[in-house]
Amino acid sequence: MATVTLHDAGTRKKPIDAGTTGLGVAALCVLAFLYTPIATLIVFSFNSNSITRLPLEDFTFDWYTRALGNPDLMTAVWNSVFVGVSAVMICLAIGIPTALALDRHDFPGKTVFRRLVILPITLPGLITGVSMLTFFRSVGVDLSIWTVIIGHGTALTAIVVTNVFARLQRFDRRIEEASADLGARPWQTFRHVTLPNIRSAIIGSSLISFTLSFDEIPVTFFLTGRDNTLPMYIWSVIRRGITPEINAVGTIIVIVSITLILISVFMMHRENDRAGPVRPAR
Amino acid sequence: MKPRTRRLLNFWSLFTGPALWWGTVLLVPYLMMLAISFYTRQFPFHVPDFQFGNYVTLIADSQYFTVLLRSLWIALAVSVTTFCLSYPLAYFLAFKVRSNRLRLFLYTAAIVPLWVSYLLRAYTWKTILGSEGILNSFLMWIGIISEPSTIFLYNQGAMVVTMAYIFTPFMVMPIYASLEKIPRSLIEASKDLGAPRFTTFRKITLPLSMPGVLAGFTFTFGLSIGDFISPILVGGPYSNMIANVVATQFGMAMNWPLGSALGVVLLVIVLGIITASDKLERIGRINLG
Amino acid sequence: MTSILELHHLSKIFRGGVVAVDDLSLDIREGEFLTMLGPSGCGKTTTLRMIGGFEYPDAGSVMLDGRDITNDPPYSRPVNMMFQDFALFPHMTAEENIGYGLKIAGVGKTPTAERVRAMLDMIELPGMGARFPSELSVGQQQRVALARALVNNPRILLLDEPMSALDAKLKESMQVELRHIHDRVGITFVMVTHDQTEAMIMSDRIMVMHAGRIEQIGTPTDLYDHPRTAYVAEFLGASNMIPATIRRDGGDVVACAGSMTVRLDRNTGDSGTRSLFMRPEKIRLVPRESEAGDGSSTFSGTVKELFFSGNMVRIDLDVGAERPVIVHRQLDTELAAAGLPGVGDIVTCAVNPEALKLFDTAEVAAMKAEEAAA
C-alpha cells in the first residue's frame, strides 16, 4: 500500500487551486493593461478613422504615407538619428575609459565620483536638463543640436559605464596578465584581449543608449535650439491635438526600439554564455 | 620606470578625458544650479547673491507649497498603484509559472514596454481617455453612456493611471528579481512546519522580497516626481507637479533662481529617498543574516 | 652551475599589513626544475608573481642573468607563465592562443604558423589548432597553455599550480609529461604547488616555504631524509613525532617513550624532552625478540589498528607513549608468507639510529596549533 501511495504522489500533478487561478487572472490583466495602449497605437495607425475612436473603420496605409511624406517629421527623424549616433560616440569615448578606471584603479574620491557619474540616470532627467541649460547659458553657448548631443552624451554615458563596468567585474583579469606576460603592451592587451571580451557589453549598451536618446525628452526639452528631434516634434504635435499620423510614427518607433532592445539583450546574454565554460570548474 | 610611476601614468592616460568631461558637463552644471538657487531675481535676469529667499518663497507661498505636497502625494499614489499591479504579476511569474521558457517570455513581455517611447506611452492614454477617445466611444458604442464623458481625462486620476502604466516595469523588475532569489527550500520548510499558505507568504516571502519592493518604490517615486510630460498631457488644470514648475521657471517665467531652488529641492527629495531605501535595505539585510 | 635568477632580500607586504614574503633570498640555477612548496598563504604564489612582474616587491631585488628586473613590467621580461586554470584567451582558437606571443613580437605569418604547428605536435594535439578553449578538455587546455607559455622560448617558465584543475589520473600522467618536456626544452622551470607528492615527482630542487620565509631548500631526497625543521619533516610525507625523554645510557644516547627505548646517533648531545621523528616506512617489522644487528634498536608494541591502502598497510602500534607509533609496511610476498599481525598482537620493530631525528617540542606544538587553526 505504502509504495502505491508514494508512486501516486510522485506522478500526480498538483491540483491547480482557486488562489493560483486568481493570481494567474490578475497577472494576465496586468499584462493586458501593459499592452492595450500599445495595441491601440498599432491598430489605429492602420485605421482610416481620423479620430482615434471606436468603432474601427477601414484598413489603410494612409497615415504611413502621410507621415513619410511630411518633411518636418522626416527632418526630425534624421536629426534624432544624428543626435543618437553622436551621443553614442560620446558615451563610448567617455564611458569605456571611465568604466576601466573604476574597475582597475583606486583613487581618492572614487566613491563620490562613482555616485556622480550615475546621477544622470538616478535623478529626474529634468534636473540634468536645467543644470546644463544653466551652464551653457552662463558660458555663452547658444542652444543648438550640438548642445542636445552633449546633453544626451552626459545623460546616457552612465548606461555604458554601468554595463561595461559590470562586464569588467566578471572579466577574468588573468587573461590580461597572460597577455602582458606574452609581451603585449597595455594598449595591445586592451585591443587584442580586453576589447573582444567586453565587445557585446559595448554593443548592447550602445543600442540601449541610442534607443533612449531617440526617445529623450526631459534633457532635450531644455537644450534644444531650432532643430527638432523626433520626440520634440511629436511633443509639439500632440500638444495641439491628436493625429493618427503620430500613431503611424509611433508604431514604427515601437517596432524599431523593441528590435534594438531585443538584439542588445541577446548580445549581452550570448557573451555571458561564452565567457562561462572557458574557466574550468574549481 | 618605477611600477608606481607606470601605474600613475596608465591611470591618467585613461582618466584625464573622463575627468575633464564629467567635471565640465556634470559637476559644474549641478554646482551652478546650486549656486543660482541663492541668487536674486532682477529684471531681466538675475544677479549673483547669497540669500535663502527662493527657498523661503517655496515654503511661504502657498502656490508652491501646494505643488510640493501634490507632487509627493501623486508620486506616492503612483508608487502604490504600480506596486499593486506588479506584485501579483511578479509573484505569479516567480512561483507559479513552471516552464522556464514561458517564464522568461512573460517576464520579457512585462518589461519590454519600458523601451517603447515614453512619450508615446503617455500620449496613448490621451487618446484612450479623451472625450473623443477610445474609452468614451467604446462606452457609447455598447450603450452605457449616451454622451461623451469628460471625467476620464485631465485630472489627477488620469495622471496616476498614465504614470502607473509607464512605470510598472520599473516595479516588476526588482520585485521579480528578489522573489526569484528566495530559496524554494525556505518556503517548503515553512509549509512543512505547518504554516498555512498565507502565513508563509506573510512571514517568509513578503519580508524576503522587501529589498525588491523598496527598490521598486524608489524607482517609481523618483521617476514620477520628476515627470513633467504626463501632467501636461493628461493632467489638466490642477495637476502641476514640481517638475512642471521648474520647467516653467526656466521657460516662460524666466525666474532661474526660483527654478534652481525647486530643482535643488527635487534633487534632495530624490536623493533622500534613494538614501533612505538604501539604509532600510541594509537594516533588512542584517536582520535576515 | 650558473644561476639564472637571483632574489635578494625580497619582501612584500600587502594592504592591511599582511607580510606575504619576508626577506627571501634565493638563487635559481640555469636549467633546473625548482618547486616552491607550501600551504596556501605561505607566500609562494606572491614570490612567483614577483618573478613574473605581476607584483612588485616592497624591498629587495630580482636579478635575471645579472640584470636588475625588479621593477620591469611583465611584457619586458623574458619570463613566461603558465597560469593556474590556464587563463586561455576565450575568444581565440588554440592556434591563436599559442601564436599570440609571436604575433605581439612581430614574427611573420609563415614562421608563426610553422612554430605553432611544431608546438601543437610537441603537446600532442596536432590538428586541434582550430578549436576554441571551450571546445577542449581540461587536459587539452592545459597543454595549450603550456605551448603558449613556451612559444617565445622564455629564459624561465613559471608554473602556478599547473595541476590543480586536473583529476587525479590525469594529474599523474601530466606530472611525468611535464618533467619530460622540461628535460627536452632545457628551459628553467619554476613551479608553485601545495602538493608535496607532485613537488617530489617533478623537481630537481624543492624550496619549502612557510610564513613568507624559506624553511629549507634542497633535492627531494635531501628534504625527505634530512628535514632541517619539524615543519619540513611534517609537510613532506608521513611522519611520527613522538614526545620522548632523552638520556645517556652508558656510551649511548637513547630516547624513551612509554615502553620504547631507541638508540640515537652517538653525537646527539641532547637531553630532556624532545620530539622523536621517525618515518613510518623506516621502521621494520622483525621476528620477536630478535637482535636486528647493524646498530638498530628494537622495541615492541601492541597492534591497535590496521589500515589498508592497496599495496601498503599502516599499522598503529601502542607502545604506551603519548600517541601510537605508525608503521608503514609494503604488502609484499615476504609479508604474505610471514602473515599479517592482527589487532591485539604484540609485534617487534627495529629502527636504525640514522633514521631518527629530534626536534624541539615547543616548535612541534606551535606547528600543530597552526595546523589545527588552518
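Protein chains in written order, with the working numbering: chain W, 375 to 656; chain A, 1359 to 1647; chain V, 622 to 995. C-beta: ideal position from N, C-alpha, C; glycine also.
At a CB distance below 7 Å, what residues from the stretch 495-508 of chain W approach chain V? Give them in sequence order.
Against chain V - using a Cβ distance shorter than 7 Å - the stretch 495-508 of chain W contributes no residues.
For my contact list, L723/V and V765/V are in at a C-beta cut-off of 8 Å; report their separation, rounded to the angstrom.
In the third sequence, counting from the first residue as 1, residue 723/V sits at position 102. In the third sequence, counting from the first residue as 1, residue 765/V sits at position 144. At roughly 14 Å, the Cβ-Cβ gap does not stay under 8 Å, so L723/V and V765/V are not in contact.
In the DSSP output, which residue or residues are listed as bridge partners for M933/V?
Here residue 933/V is taken as the residue at index 312 of the third sequence, counted from 1. S930/V and Q951/V.
Output yes or no for whether 8 Å exceeds the beta carbon distance between I626/W and L586/W.
Sequence index remark: in the first sequence, residue 626/W carries index 252 (1-based). Sequence index remark: in the first sequence, residue 586/W carries index 212 (1-based). No.
Contact set for V652/W: own chain, Cβ-Cβ below 7 Å, skip 5 residues either direction:
Position 278 of the first sequence, counting from 1, holds the residue named residue 652/W. Only weak support exists for where V652/W lies, its pLDDT of 38 falling under 50; the value from the coordinates is given anyway. Within the same chain, V652/W has no close Cβ partners at all.
Which same chain residues, not among the five before or five after T1576/A, have their C-beta less than 8 Å away from its C-beta?
As a working note, residue 1576/A is residue 218 in the second sequence. Result list for T1576/A: I1631, I1632 and S1635, in chain order.
Looking only at C-alpha atoms, which of I1500/A, S1495/A, M1391/A and W1499/A sits nearest to T1508/A?
Here residue 1508/A corresponds to residue number 150 of the second sequence, with the count starting at 1. Comparing Cα positions, the closest option is S1495/A.
Between V567/W, A467/W, L569/W and G514/W, which has its C-alpha nearest T528/W's C-alpha?
For the purposes of this step, residue 528/W is taken as residue 154 along the first sequence, with counting starting at 1. Taking only the C-alpha atoms, the option nearest T528/W is A467/W.
Would L1416/A pass as a contact of V1623/A if the rule is Cβ separation under 8 Å?
Residue numbering aside, residue 1416/A sits at position 58 when the second sequence is read from its first letter. Residue numbering aside, residue 1623/A sits at position 265 when the second sequence is read from its first letter. Against a cut-off of 8 Å, the Cβ pair of V1623/A and L1416/A comes out as a contact.
Using 10 angstroms around the beta-carbon of H630/V, count the other beta-carbons present and answer buried if the total reaches 16, otherwise exposed.
The residue given as residue 630/V occupies position 9 in the third sequence. Exposed, because fewer than 16 other Cβ atoms sit within 10 Å of the Cβ of H630/V.
At which residues does the beta strand (DSSP E) containing A877/V begin and terminate?
In the third sequence, residue 877/V corresponds to position 256, counting from 1. Reading the sequence as shown, one finds Cys at residue 877/V and not Ala. Its beta strand (DSSP E) spans residues D873 to A878.
Same chain only: Cβ atoms within 6 Å of R656/W, ignoring 5 sequence neighbours per side:
On the first sequence, position 282 is the one that residue 656/W refers to. In this predicted model, R656/W has a pLDDT of only 30, less than 50, meaning its place in the structure is not dependable; the value taken from the coordinates is given anyway. Nothing meets the Cβ criterion.
Measure the beta-carbon distance from L780/V to M703/V and round it to whole angstroms, keeping in mind my assumption that it falls under 8 Å.
Counted from its first residue, the third sequence places residue 780/V at position 159. Counted from its first residue, the third sequence places residue 703/V at position 82. Between M703/V and L780/V the Cβ distance is about 5 Å, and since that is below 8 Å, they are a contact.
Could you pull the DSSP bridge partners for A990/V from this structure?
Counting from 1 along the third sequence, the entry for residue 990/V is found at position 369. BP columns for A990/V are empty, so no partner.
State the start and end residues of the unbroken alpha helix (DSSP H) segment that holds S1543/A.
As a first step, residue 1543/A is located in the second sequence; it is residue number 185 there, counting from the start. Per DSSP, S1543/A belongs to the alpha helix (DSSP H) from R1542 to D1550.
With contact counted as at least three CB pairs below 8 Å, one residue from each stretch, are the stretch 658-673 of chain V and the stretch 826-838 of chain V in contact?
yes
Kindly list the residues whose CB is nearer than 7 Å to the CB of M1521/A, restricted to its own chain and excluding five residues on each side of it in sequence; keep chain order.
On the second sequence, residue 1521/A is found 163 positions in, with the first residue counted as 1. V1436, S1582, D1585 and S1588.
Under three-state DSSP, which class holds H629/V?
Residue numbering aside, residue 629/V sits at position 8 when the third sequence is read from its first letter. Residue state, collapsed to three classes: strand.
C-alpha gap between S1395/A and L1460/A, whole angstroms
The count along the second sequence starts at 1 and reaches residue 1395/A at position 37. The count along the second sequence starts at 1 and reaches residue 1460/A at position 102. One C-alpha to the other measures close to 52 Å.
Among residues of its own chain, excluding the 5 on either side of V378/W, which ones have a beta-carbon nearer than 6 Å to its beta-carbon?
For the purposes of this step, residue 378/W is taken as the residue at position 4 of the first sequence. The predicted model places V378/W with a pLDDT of 42, which falls under 50 and marks its position as unreliable, so this point remains unresolved.
Is R884/V helix, strand or coil by DSSP?
Locating residue 884/V in the third sequence gives position 263, where the first residue counts as 1. Looking at R884/V - three-state DSSP - the assignment turns out to be strand.
Going along the stretch 1375-1405 of chain A in order, which residues come within less than 7 Å of chain W, judged by CB to CB distance?
Within the stretch 1375-1405 of chain A, the qualifying residues are G1375, P1376, W1379, W1380, V1383, L1384, L1385, V1386, P1387, Y1388, M1390, M1391 and I1394.
Which residue or residues does DSSP assign as beta-bridge partners of H1404/A?
The count along the second sequence starts at 1 and reaches residue 1404/A at position 46. DSSP output for H1404/A lists R1399/A as bridge partner(s).
Please determine, among M749/V, I744/V, L658/V and D886/V, the residue with the shortest C-alpha to C-alpha distance to V806/V.
Here residue 806/V is taken as the residue at index 185 of the third sequence, counted from 1. Checking every option, the nearest Cα to that of V806/V belongs to I744/V.
Whole-angstrom C-beta distance between T668/V and M657/V, which should lie under 8 Å
One-based indexing of the third sequence puts residue 657/V at position 36. One-based indexing of the third sequence puts residue 668/V at position 47. That belief holds up - the Cβ atoms of M657/V and T668/V are roughly 6 Å apart, short of 8 Å.
Taking 8 Å as the cut-off, decide whether the C-beta atoms of N1446/A and A392/W are in contact.
Start at 1 with the first residue of the second sequence, and residue 1446/A comes out as number 88. Start at 1 with the first residue of the first sequence, and residue 392/W comes out as number 18. Reading the sequence as shown, one finds Pro at residue 1446/A and not Asn. Going by C-beta atoms, P1446/A is not nearer than 8 Å to A392/W.
Name the one or two DSSP bridge partners that L938/V has.
The residue you call residue 938/V lines up with position 317 of the third sequence. BP columns for L938/V point to V924/V and V946/V.
Just the Cα atoms here: how many angstroms apart are G916/V and S896/V?
On the third sequence, residue 916/V is found 295 positions in, with the first residue counted as 1. On the third sequence, residue 896/V is found 275 positions in, with the first residue counted as 1. Approximately 21 Å between the Cα atoms of the pair.
Is DSSP giving A971/V helix, strand or coil here?
As a working mapping, residue 971/V is identified with position 350 in the third sequence. In the displayed model, A971/V falls within a strand according to three-state DSSP.
Touch check for the stretch 1381-1396 of chain A and the stretch 505-512 of chain W: three-plus C-beta pairs under 8 Å?
yes
Could you give the DSSP three-state label for M1599/A: helix, strand or coil?
On the second sequence, position 241 is the one that residue 1599/A refers to. Three-state DSSP puts M1599/A in coil, outside helix and strand.
Chain-ordered chain V contacts of K1360/A [CB-CB under 9 Å]
Your numbering for residue 1360/A matches position 2 in the second sequence. Result: Y677 and N692.
Just by C-beta distance, which residues in the stretch 1472-1499 of chain A are closer than 7 Å to chain V?
Answer set for the stretch 1472-1499 of chain A: empty.
From the beta carbon of R1555/A, is the nearest beta carbon of chain V less than 8 Å away?
Translated into positions along the second sequence, residue 1555/A becomes position 197. Not an interface residue.
Residue ranges of each alpha helix (DSSP H) run of no fewer than 4 residues wholly in the stretch 811-868 of chain V, ordered along the chain?
817-823, 841-846 and 851-856
Per DSSP, cross-strand counterpart(s) of F1528/A:
Working through the second sequence from its first residue, we reach residue 1528/A at position 170. In the DSSP assignment, no residue is bridged to F1528/A.
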